[in-house]
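> Residue numbers (our numbering), protein chains in the order written: chain A, 1217 to 1355; chain B, 1217 to 1355; chain C, 1217 to 1355; chain D, 1217 to 1355. Glycine is no exception: its CB is placed at the ideal position from the N, C-alpha and C atoms. Can you keep this structure in mind? I'll have questions shortly.
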């Protein structure tokens, strides 16, 4: 499944060069992943409260192609690119209109926090949701 | 006691106006309070681990007089201005060299997190440390 | 005029106490003010590009009543409380459902950045927009 | 040259999992790069004021091995790994004591902001400073 996460660049996201301070792209990738998990039916806040499951980061990467400015409207398109037994890789493309601004990915582990944090096999139903094609939605 | 907390303005602290984004002053007041607690012998990380005590914020205020820029060297002078039974007010003055840049305060409650968070009387020895005059230190 | 700004608490807004790190409330007040200016017809990004006008902060205050947690839905109600010649005071109430979480205010100066930053009288039409009652909107 | 940048984890750097929110590692890599440039004689603030030169990011990557907690003391070891004509790659290793916490890199372009931003050949003397071995310093 692909999920779209839309946001607006805030004043506090900019720096003295007049454009977005780059670590904010990782903040937005993190937000986009939480939105993705909500969209497939597993909001992170519930997942943690009910099952003590979280998805800590193993690696994150971003390539920057165009700068973003204050009050730009941005869409992040997120898709799970790879699923291993306990680890998944989610890619994020940043778009302003049609223009690709940046693209990145995160590698995260499906992890139980019941005792000491310990990676767990990703449940079959989560895996199925991540891999399902997007349904065509009439608007 | 007065404590001095010195820091440097980072690139990420600035905004597109070329100066510091104002919420960062509150981040620095928070840091200055943690430094203050360390300086009187109660580092927050220990206080929480050993006694489940923290100091959540009740109110914070700041008045802004001069802007700060990238790589400015700044000193925050912190002093506990008022101590009530369970609540204290700590004031922070921001200086660049001799110049006063901003001044603010925080009101915080001495709080146990053992069960539900609950404000506690500030212990006598903490109170004494907060009120002690600065020792003259020969350098 | 009153403006409502709705947002969701993000993972990165929380701290190790499991609740929102308090300086983020000031980030949200800043965002709410920019949304307010957009709502009355003066988006900050345009105001600056077309007229080199911005509204730097003189003072900000917040009182904290209830903590906020990850993925809470929050509304900020913003209203200009006072308008002087060059300075206005905007108050912000944070609500989760009906519950008041925090309330604060910002004092800002209407400022030209054409040469050296210099406060300007707030234009009559801006003043009128800030003071107009909310129109009743049938939904 | 290798440069060491030492810092302490702040309360605001943590999240509700009790550890550092991962985008902060990129904030620290950015800080470490500015410290590196200062250490070889080109503080970013001067470089920009005097020559309108900055080093915008093209790509950043980080691999996370161990979490960091509040008030941890951390060292970032930064070294320029690769220098091309207009672009350099700087790697950053995060250490707590002897333990490797994370390692990452940034790819940045030496860029003139005189007119439109435009990448420039990295000057010979900068290149020489980046490549020089660390001098043995008697302490």
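Starting from residue 1193/B and walking both ways along the alpha helix (DSSP H), at which residues does that stretch end?
In the structure as shown, chain B begins at 1217 and stops at 1355. Residue 1193/B is therefore absent and cannot be evaluated.
> Mapping DSSP to helix, strand and coil, what is residue 1254/B?
Sequence index remark: in the second chain, residue 1254/B carries index 38 (1-based). Look at residue 1254/B here: in three-state DSSP terms it is helix.
> Run through chain D and tell me which residues come within less than 7 Å of residue 1247/B, C-beta to C-beta.
As a working mapping, residue 1247/B is identified with position 31 in the second chain. 1226, listed in chain order.
> Since residue 1302/B is in the alpha helix (DSSP H), which residue starts that stretch and which ends it?
For the purposes of this step, residue 1302/B is identified with residue 86 of the second chain, where counting begins at 1. From DSSP, residue 1302/B is part of no alpha helix (DSSP H); its letter is neither H nor E.
> Residue 1233/B versus chain C: which residues are under 7 Å apart at the beta carbon?
By 1-based counting over the second chain, the position of residue 1233/B is 17. In chain order: 1270.
> What is the DSSP secondary structure of residue 1237/A, counted as helix, strand or coil?
On the first chain, residue 1237/A is found 21 positions in, with the first residue counted as 1. Residue 1237/A falls in the coil class under three-state DSSP.
> Between residue 1349/D and chain C, is any beta-carbon pair separated by less than 8 Å?
Locating residue 1349/D in the fourth chain gives position 133, where the first residue counts as 1. Answer no: the Cβ-Cβ gap between residue 1349/D and chain C never drops below 8 Å.
> Using DSSP bridges, identify the partner residues of residue 1284/C.
Reading the third chain from its first residue, position 68 is the one you call residue 1284/C. Looking at the DSSP assignment, residue 1284/C forms no beta bridge with any residue, so it has no partner.
> Per DSSP, what are the beta-bridge partners of residue 1318/A in this structure?
Translated into positions along the first chain, residue 1318/A becomes position 102. Its beta-bridge partners are 1280/A and 1310/A.
> Given a cut-off of 8 Å on the beta-carbon distance, is the pair residue 1273/B and residue 1312/B in contact?
In the second chain, counting from the first residue as 1, residue 1273/B sits at position 57. In the second chain, counting from the first residue as 1, residue 1312/B sits at position 96. Cβ atoms of residue 1273/B and residue 1312/B: not closer than 8 Å.
> Helix, strand or coil: how does DSSP classify residue 1267/C here?
Translated into positions along the third chain, residue 1267/C becomes position 51. In this structure, residue 1267/C counts as helix in the three-state DSSP scheme.
> I'd like to know if residue 1273/B contacts chain C, where contact means its C-beta is closer than 8 Å to some C-beta of that chain.
Here residue 1273/B is taken as the residue at index 57 of the second chain, counted from 1. Interface residue, yes.
> Over the uninterrupted beta strand (DSSP E) stretch that includes residue 1331/A, give me the two end residues.
Residue 1331/A sits at position 115 when you count from the first residue of the first chain. Where residue 1331/A is concerned, there is no enclosing beta strand (DSSP E), given that its DSSP letter is neither H nor E.
> Quick one: is residue 1259/C near chain B, going by C-beta distance under 8 Å?
Position 43 of the third chain, counted from the start, is the residue given in the question as residue 1259/C. Output row for residue 1259/C: interface = no.
> By how many angstroms is the C-alpha of residue 1347/C removed from the C-alpha of residue 1244/D?
The residue labelled residue 1244/D in the question sits at position 28 within the fourth chain. The residue labelled residue 1347/C in the question sits at position 131 within the third chain. Computed Cα separation, rounded: 44 Å.
> Buried or exposed for residue 1344/B, please, with buried defined as at least 16 other CB atoms from any protein chain shown within 10 angstroms of its CB.
Looking up residue 1344/B in the second chain gives position 128. So residue 1344/B ends up on the exposed side.
> Rounding to the nearest angstrom, what Cα-Cα distance links residue 1315/D and residue 1320/B in this structure?
Your numbering for residue 1315/D matches position 99 in the fourth chain. Your numbering for residue 1320/B matches position 104 in the second chain. Each residue's Cα considered, the two are about 38 Å apart.
> Taking CB distances under 8 Å as the criterion, tell me whether residue 1286/D reaches chain C.
Taking the fourth chain and counting its residues from 1, the one referred to as residue 1286/D is at position 70. Yes, contact with chain C.
> Compare the C-alpha of residue 1308/A against each of 1300/A, 1302/A and 1294/A and name the closest.
The residue given as residue 1308/A occupies position 92 in the first chain. Of the listed residues, the one whose Cα sits closest to residue 1308/A is 1294/A.
> So residue 1250/A contacts chain C; which residues on that side make the cut at Cβ distance below 9 Å?
Residue numbering aside, residue 1250/A sits at position 34 when the first chain is read from its first letter. Per Cβ cutoff of 9 Å: 1226, 1227, 1286 and 1287.
> In angstroms, rounded to a whole number, what distance separates the CA positions of residue 1232/A and residue 1249/A?
As a working mapping, residue 1232/A is identified with position 16 in the first chain. As a working mapping, residue 1249/A is identified with position 33 in the first chain. The alpha-carbon atoms of residue 1232/A and residue 1249/A are separated by roughly 28 Å.
> With residue 1327/D and residue 1257/D assumed to form a contact (beta carbons below 8 Å), what rounded beta-carbon distance in angstroms separates them?
As a working note, residue 1327/D is residue 111 in the fourth chain. As a working note, residue 1257/D is residue 41 in the fourth chain. At roughly 19 Å, the Cβ-Cβ gap does not stay under 8 Å, so residue 1327/D and residue 1257/D are not in contact.
> For residue 1325/C, which three-state DSSP category applies?
Walking along the third chain from the start, residue 1325/C turns up at place 109. Note: residue 1325/C maps to strand in three-state DSSP.
> What are the residues in the segment 1326–1351 of chain A lying within 9 Å of chain B by C-beta distance?
none
> Since residue 1335/C and residue 1302/C should fall inside the 8 Å C-beta cutoff, what is the C-beta to C-beta distance between them, to a whole number of angstroms?
Position 119 of the third chain, counted from the first residue, corresponds to residue 1335/C. Position 86 of the third chain, counted from the first residue, corresponds to residue 1302/C. The Cβ separation is near 4 Å, so the contact holds.
> Between residue 1315/A and chain C, is there a C-beta pair that is closer than 8 Å?
For this step, residue 1315/A is matched to residue 99 along the first chain. With 8 Å as the cut-off, residue 1315/A does not count as an interface residue toward chain C.
> Between 1318/C, 1322/C and 1263/C, which has its C-alpha nearest residue 1298/C's C-alpha?
Taking the first residue of the third chain as 1, we reach residue 1298/C at position 82. Closest option to residue 1298/C, Cα to Cα, is 1322/C.
> Relative to the alpha-carbon of residue 1282/A, which residue among 1275/A, 1338/A, 1234/A and 1331/A has its alpha-carbon at the smallest distance?
Along the first chain, one-based indexing puts residue 1282/A at 66. When each option's Cα is compared against that of residue 1282/A, the closest is 1234/A.
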